[in-house]
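Visitor:
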Amino acid sequence: MLFIESIHCRNRLFLLLLSSKLTINRFWSIGLCGQLVKYNIGGKVMNMLKEEWLRIWKDRKMLLAICGILVVPLLYSTIFLAANWDPYNKTDNLAVAVVNKDKGSTFEGKELHVGDDFVDNLKDNDKFDWKFVDESKAMDGLKSEDYYMVVKIPEDFSANAATLLDDDPKQMNINYYSNPGKNYPASKITDTAMQQLEKEVAEQVTEEYAHSVFASLSDVADGLKKASEGSKELADGSNEVNEGAKNLSKNLASLSTSTATYTEKVGEADQGMQELDQGVQSLASQYPELDQGIAKVNDGLQTLNGNSGDLASGSDQLVSATNDLSSGLEQLQQATDQLAGSFPELNNGIAAANEKAQSVKSEIETVQNNLADLSDFAQQLQQSQEQQENQMQQLEDILTNDDLSADEKQQELQKQIQQLADATPDLDIQIPDIDPEAIKQQLTEVTTQLGQINQLAEGAQQTQTALNGINDATGKLLAGATAIQSGQTDLNDGINAYTDGVGQLADGSPELVSGSQSVSEGLNQLQSGSTQLTAGLDQLNANGPQLSDGAQQLTEGSQTLSDGTQSVTDGSNELYDELAKGAEDANISTSDKTDTMFASPTDVKDEKLSTVHTYGEGLAPYILSLGLFVGALVFTNIFPLRDPASKPTSGIAWFLSKFSIVLFVSVLQSIFAVIMLVHVVHLQVHSEWRLLLFAILFSITSFLLIQLLTVALDNVGRFLGIIVLLIQIGAGAGTYPVALLPEFFQVVHKFVPMTYAINGFREIISIGDDWGFLWRQAGYLSIFSVIFLALTILVYILQTRKFKKNNEEEEPAVSM
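First residue of the sequence shown? That's 1 in full-length UniProt numbering, and the numbers climb one at a time after it.
1) Taking the alpha-carbon positions, what's the residue 766 to residue 616 distance?
2) State whether the stretch 143 to 157 contacts the stretch 88 to 104, with contact taken as three or more CB pairs (one from each stretch) at a distance under 8 Å.
3) Would you mind working out which of 393, 196, 677 and 403 sits nearest residue 122, comparing C-alpha positions?
4) Short of 7 Å in beta carbon distance, which residues of its chain neighbour residue 65, apart from the five on each side in sequence? Order them along the chain.
5) Indicate whether residue 733 and residue 748 have their beta-carbon atoms separated by less than 7 Å.
6) So residue 70 and residue 669 are in contact, right, with Cβ under 8 Å, and what is the actual spacing, rounded?
7) Distance check for residue 614 and residue 697, CA to CA, integer angstroms please.
8) Just to confirm the assignment, what range does the beta strand (DSSP E) spanning residue 128 have?
9) Shortest alpha-carbon distance to residue 705 belongs to which of 76, 693, 759 and 793?
10) Once you ignore the five residues that flank residue 169 on each side, which residues in its own chain have a CB closer than 6 Å to its CB?
11) Might you give, ordered along the chain, the residues of its own chain that have their beta carbon closer than 8 Å to the beta carbon of residue 714, omitting 5 neighbours on each side?
12) Kindly confirm or deny that the stretch 68 to 83 and the stretch 106 to 126 touch, where touching means at least three C-beta pairs closer than 8 Å.
13) Measuring straight from C-alpha to C-alpha, what distance separates residue 158 and residue 109?
14) Tell me the residue span of the beta strand (DSSP E) that contains residue 151.
15) Count the C-beta pairs between the stretch 785 to 792 and the stretch 756 to 772 that are closer than 8 Å, then say yes if the count reaches three, no if not.
16) Are residue 753 and residue 701 close, meaning C-beta to C-beta below 7 Å?
17) Which residue wins for smallest C-alpha separation from residue 81, given the options 783, 659, 699 and 623?
18) According to DSSP, simplified to helix, strand and coil, what is residue 796?
19) Going by DSSP, what residues sit across from residue 111 in a beta bridge?
20) Relative to the C-alpha of residue 177, which residue among 692, 135 and 776 is closest?
21) Checking the sheet assignment: what are the DSSP bridge partners for residue 178?
22) Candidates 800, 91, 634 and 56: which alpha carbon is nearest residue 652's?
23) Run through the stretch 696 to 737 for me and flag every whole alpha helix (DSSP H) of 4 or more residues, listed as ranges in chain order.
24) Using a Cβ-Cβ cut-off of 7 Å (strictly less than) and excluding sequence neighbours within five positions of residue 612, which residues of its own chain qualify?
25) For residue 97, which three-state DSSP category applies?
26) With a 10 Å radius around its C-beta and 16 neighbouring C-beta atoms as the bar for buried, classify residue 673 as buried or exposed.
27) At the level of alpha carbons, what is the spacing between residue 695 and residue 762?
28) Going straight from the alpha carbon of residue 38 to that of residue 658, what length do you get?
29) Starting from the C-beta of residue 179, find all residues in its chain whose C-beta is less than 6 Å away, skip the five residues before and the five after it, and write them out in chain order.
30) To the nearest angstrom, report how far apart residue 784 and residue 716 are at their CA atoms.
31) Hey, would you say residue 709 sits closer than 7 Å to residue 720, going by beta carbons?
32) Within 10 angstroms of its Cβ, does residue 654 collect 16 or more other Cβ (buried), or is it exposed?
33) Let me make sure I understand the geometry here. Which of 173, 640, 148 and 644 has the alpha-carbon closest to that of residue 181?
34) Roughly how many whole angstroms lie between the Cα atoms of residue 397 and residue 94?
35) Could you say which of 680, 699, 675 and 681 lies nearest to residue 688 if we only look at CA atoms?
36) In terms of alpha-carbon separation, which member of 192, 106 and 132 lies closest to residue 161?
Written as structure tokens, this is what we have:
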């Protein structure tokens, strides 16, 4: 019999247990105000609690089972975490086979054995258990799990490393083989390790390259310094060319003025040649009379010579012949005088033409020489300028080309600068719209025609000489005739003298005939040359404007030449400044630290906001949550949550009788799990008491969820509990971030309790800087707990009604 004596005093309750066999009809409780209030359910709750605990105490198997359930989270968490506590710190137990087939190579005249260096580094590396074997043994060991990975260094490993500065560099290949089907985690660990090894090899090779590159930079600096000096000389040469261009411009201006004068002179020469042509035509028209007179003289001389033997007897005939001779001589004298009168005019015209032709010839030869020199100079200047522009562009392209190595840049710069220096003496600039060859050809034709003028002038001079001879001979003939006429009375006395004079006259007649022929030939030649000279002067006169325009274009082109050479000079000075700056920049000092910096320019600093010391520590929030939920799930398969220990008097009493066991088990398993992890496994946490309270909260939430499903659906509920566990494993983001989860798990992530349990455990174990975040997670779990608690009570109430209804139906049947 159980009696409860209540004493009317504030906030005190004394319970006295006297008997356990009598039924209690009433239970009195006293409130904070000390007033007694009667509840009919009080005794019912206490009765069901007592009966529930007594059943467990009497059922030793159930008691042992519950004790076993208490250590499920402990064993689950401890065993799993201990097995996976720090696997990444034990990779030195993983056997990795290394096969080195590298044959070595040379680089910059030095022996290169990257494969051997790589193997030597591995021997000092304790990350894995390296085994240096041949290829056959390595592959067999990979299949039999003697080795978890095989690293193979190919034969051309060093050879490919030496091709960095070649036109077609080749990558260095490290072949590694793993067998994920045998052990996938091991293959992932070795994959990560190989990435680190690959980085180390790359840094080592890059360091060697850096040493060579920095060594070459010194040579580049020297080359740039020489190039700078050469560009300075180029600038000086450009200044000289610029001065020459200015002088050329001045001379071309003089040439333009001389060309205008030349054009005027050609016009005057053309006018003089017209007068000369008229004089030649007049001379040619009078020549027949001279020829007739000479013929008569020749006939008379022949007759005189033939009849000289009969001179003594033919005085009468002599007188007659003398008269005829006198008459012929008069006619000859008249023709000769007339011819001699025309000769001074002809001679003056020829002399004037000759003088003008000589002047024109001198002018033309000067122009021709200047044009020839200018044409050659312009061509050379144009070619040299184009070469300099191209080479300066190539220099700029080489300096800005990042695809070329330092040695290639140095070689190309030296080559181009040498070509630029060689081309400097021939610096030229193109003069547009000028055809020097055409002008040169025209001037050559003019020179030829002027030569012909000179020849005509010389022929005219010869003609004049011959005419002078004829004049002299004619004078002699006239004087002889006069002497004959005056000496007729002394004929007998002077016969001998006459005979001598006739002999002399006979001797002089061939000269007269020959001079006549020379005059005839000279007149023909003079007439032909006069025609050619006239045509040539006409052509010169017609081409005079073209020559003047060409001279003007040459003057304008010389100004363009001067501007271009000034631009070249400015560019050469700029090139000198840039090359000098480049030589100064390339002249740097290096050391082993510089090579190392070049090979590995970045040092990644891992600034962690929180610290996780081991893999197991990072996995603990997930495993602890999983262990507590599994403990609740196992409990429902052992403890009968649907079967009352005694006849249920109310739904609340039934719930409380079961929940008292649930609460007891959930609290104890949480305490055991936390103590084991912290003090046995040595899990480092930021707050042990917070860890304990939070673990109890999540354990109660899990038990309430499983209790709800089991009481509502019995075995189906237990099965659904397993499904809920699997969903929480996928959606709780205990191993991978939620962003990497499938879409379904991302959606349900916020609606499962384990999500907030894992977040809270992470804050307590690994972070520990935001306890507000922890209490928010605890709040979410409390909400879940309240919901599960309310639904569970409702289910128990419904189950109680159903139980009572079934009992009421069974009692009439028993009484009958």
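C-beta atoms are modelled at their ideal positions from N, C-alpha and C, and glycine is treated no differently. Bear in mind the structure is a predicted one, so any value in this text is a computation, not a measurement.
Guide: On the basis of the data shown:
1) Position 766 of the sequence shown, counted from the start, is the residue given in the question as residue 766. Position 616 of the sequence shown, counted from the start, is the residue given in the question as residue 616. Between residue 766 and residue 616, the C-alpha separation is close to 11 Å.
2) By the Cβ test, the stretch 143 to 157 is in contact with the stretch 88 to 104, since at least three Cβ pairs between them sit closer than 8 Å.
3) Your numbering for residue 122 matches position 122 in the sequence shown. Looking at the Cα atoms, 196 is the closest of the given residues.
4) Counting from 1 along the sequence shown, the entry for residue 65 is found at position 65. For residue 65, where only same-chain residues beyond five positions count, the Cβ hits under 7 Å are 638.
5) To locate residue 733, count along the sequence shown from 1; it is residue 733. To locate residue 748, count along the sequence shown from 1; it is residue 748. Against a cut-off of 7 Å, the Cβ pair of residue 748 and residue 733 comes out as no contact.
6) In the sequence shown, residue 70 corresponds to position 70, counting from 1. In the sequence shown, residue 669 corresponds to position 669, counting from 1. Sure, about 5 Å apart at Cβ, within 8 Å.
7) By one-based count along the sequence shown, residue 697 stands at place 697. By one-based count along the sequence shown, residue 614 stands at place 614. Approximately 26 Å, taken between the alpha carbons.
8) Within the sequence shown, the letter at position 128 stands for residue 128. Segment: none, residue 128 is in no beta strand (DSSP E) and carries neither H nor E.
9) The sequence position of residue 705 within the sequence shown is 705, counting from 1. The residue from 76, 693, 759 and 793 with its alpha-carbon nearest to that of residue 705 is 793.
10) Within the sequence shown, residue 169 is the residue found at index 169, counting from 1. Excluding sequence neighbours, residue 169 sits near 163.
11) Taking the sequence shown and counting its residues from 1, one reaches residue 714 at position 714. Correct list, in chain order: 642.
12) The stretch 68 to 83 is not in contact with the stretch 106 to 126.
13) Working through the sequence shown from its first residue, we reach residue 158 at position 158. Working through the sequence shown from its first residue, we reach residue 109 at position 109. One C-alpha to the other measures close to 14 Å.
14) Counted from its first residue, the sequence shown places residue 151 at position 151. Residue range 149 to 153 is occupied by the beta strand (DSSP E) that includes residue 151.
15) Not touching, per the Cβ criterion.
16) Stepping through the sequence shown from its first residue, residue 753 is reached at position 753. Stepping through the sequence shown from its first residue, residue 701 is reached at position 701. Yes, these two residues count as a Cβ contact at 7 Å.
17) As a working mapping, residue 81 is identified with position 81 in the sequence shown. Taking only the C-alpha atoms, the option nearest residue 81 is 623.
18) Counted from its first residue, the sequence shown places residue 796 at position 796. Under the three-state reduction of DSSP output, residue 796 falls in the helix class.
19) Counting from one through the sequence shown, the residue named residue 111 turns up at place 111. The beta-bridge partner set that DSSP reports for residue 111 consists of 106.
20) The sequence position of residue 177 within the sequence shown is 177, counting from 1. Comparing alpha carbon positions, the residue from 692, 135 and 776 closest to residue 177 is 135.
21) Start at 1 with the first residue of the sequence shown, and residue 178 comes out as number 178. Within the DSSP bridge table, the entry for residue 178 names 149 as partners.
22) Position 652 of the sequence shown, counted from the start, is the residue given in the question as residue 652. If we check each option's Cα against that of residue 652, 800 comes out closest.
23) Fully enclosed alpha helix (DSSP H) runs of 4 or longer: 715 to 731.
24) In the sequence shown, residue 612 corresponds to position 612, counting from 1. Taken in chain order, the residues that qualify are 618 and 766.
25) In the sequence shown, the residue the question calls residue 97 occupies position 97. In the structure shown, residue 97 sits in a strand (DSSP, three-state: E or B).
26) In the sequence shown, the residue the question calls residue 673 occupies position 673. By the 10 Å Cβ count, residue 673 comes out buried.
27) The residue you call residue 695 lines up with position 695 of the sequence shown. The residue you call residue 762 lines up with position 762 of the sequence shown. Looking at the backbone, the Cα of residue 695 and that of residue 762 are separated by about 12 Å.
28) Numbered from 1 along the sequence shown, position 38 holds the residue referred to as residue 38. Numbered from 1 along the sequence shown, position 658 holds the residue referred to as residue 658. Below a pLDDT of 50, predicted positions are generally treated as unreliable, and residue 38, at 38, falls in that range; no measurement from the model is reported.
29) Along the sequence shown, read from residue 1 onward, the residue named residue 179 stands at position 179. Taking residue 179 as the centre and dropping the five residues before and after it, the same chain places the C-beta of 142 closer than 6 Å to its C-beta, in chain order.
30) For the purposes of this step, residue 784 is taken as residue 784 along the sequence shown, with counting starting at 1. For the purposes of this step, residue 716 is taken as residue 716 along the sequence shown, with counting starting at 1. In this structure, the straight-line span from the alpha carbon of residue 784 to that of residue 716 is close to 21 Å.
31) Along the sequence shown, read from residue 1 onward, the residue named residue 709 stands at position 709. Along the sequence shown, read from residue 1 onward, the residue named residue 720 stands at position 720. Cβ atoms of residue 709 and residue 720: closer than 7 Å.
32) Taking the first residue of the sequence shown as position 1, residue 654 is located at position 654. By the 10 Å Cβ count, residue 654 comes out buried.
33) Walking along the sequence shown from the start, residue 181 turns up at place 181. Of the candidates 173, 640, 148 and 644, the one whose C-alpha sits nearest the C-alpha of residue 181 is 148.
34) For the purposes of this step, residue 397 is taken as residue 397 along the sequence shown, with counting starting at 1. For the purposes of this step, residue 94 is taken as residue 94 along the sequence shown, with counting starting at 1. Rounded to whole angstroms, residue 397 to residue 94 spans 53 Å at the Cα level.
35) The residue you call residue 688 lines up with position 688 of the sequence shown. Taking each of 680, 699, 675 and 681 in turn and checking the Cα distance to residue 688, the smallest one comes out for 675.
36) Numbered from its first residue, the sequence shown carries residue 161 at position 161. Answer by Cα proximity: 106.
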